[in-house]
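For the sequence shown, position 136 matches number 322 in our numbering, and the numbering has no gaps at all.
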Amino acid sequence: MLSDLFGTEQIIILSQIIFIDLVLAGDNAIIIGMVASKFPIEQRKKVIFWGIGGAVILRIILTLLTAYLLQITGLRLIGGLLLLYIIYKLYMDVIKGHGGEEDIKVDNSNFIRAIWTVLLADFTMSLDNVLGVAGAAGDHYVLLIFGLILSIVLMATAANLISKWITKYKWIAWVGLFAILIVAADLIYTDIKTLFL
């Protein structure tokens, strides 16, 4: 049934996007939860609501920007190298378990500062997800939009569950890392071919 809607290439890209999103979705929700936990119960829901709302807007802007930038020769090489670094970090944090939860300094006397902390953390952590999905999707904009929506849904609803799955079933993390590695290699190869061959 899927093959009627998509060709083989699209199904492979779709699979890559799903595993990239699965591996990278948990981080953002964990950050939001950690920041929210420093506040009284009545303020937690507001921090979570505004944190996720801001993260969604940020992710849409970053996705559109990244999709455009990856069309520029030279930037795909940089994107690919950045993804290789992300793979290394994920390998150390997720597979080897050296990640440990960092204690984020939050001034819980100021609600606006808390939201700013969430947005700043989300900016740095969204970049890997956006770069991975945009790199995998290439010029398949329907799949790019699907990847964006999926990452937002996973971040807002199922991130804690996914974190437990990845801890319990290491193969999900391995498949995700492999999917990101393929995207990184493709970005680097495409740019090297354009620049030097």
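Cβ atoms here follow ideal geometry from the backbone N, Cα and C, with glycine treated the same way.
Predicted, not measured: the structure shown is a model, and the values here were computed from it.
Determine the contact status of residue i and residue j, defining contact as a CB-CB distance below 8 Å.
i, j, result
"Trp-360", "Ile-301", "no"
"Asp-314", "Leu-244", "no"
"Leu-261", "Leu-255", "yes"
"Ile-199", "Ala-323", "yes"
"Leu-306", "Gly-240", "no"
"Gln-196", "Leu-330", "no"
"Asp-372", "Thr-259", "no"
For residue i, tell me which candidate among the options has the shortest Cα-Cα distance.
i, options, result
"Val-316", "Lys-224, Leu-250 and Lys-232", "Leu-250"
"Trp-357", "Ile-206, Glu-195 and Gly-193", "Ile-206"
"Phe-364", "Gly-318, Ala-222, Met-341 and Glu-195", "Gly-318"
"Ile-204", "Gly-240, Tyr-271 and Leu-336", "Leu-336"
"Leu-334", "Lys-379, Lys-231, Leu-248 and Ile-227", "Leu-248"
Hey, quick one: how far does the alpha helix (DSSP H) through residue i stretch, first residue to last?
i, result
"Thr-249", "227-255"
"Thr-186", "As shown, the chain starts at 187 and ends at 383. That puts residue 186 outside it, with no answer to give."
"Ser-201", "194-210"
Going residue by residue through the stretch 306-360, where are the continuous alpha helix (DSSP H) segments of at least 4 residues, counting only ones entirely within it? 327-339 and 345-354
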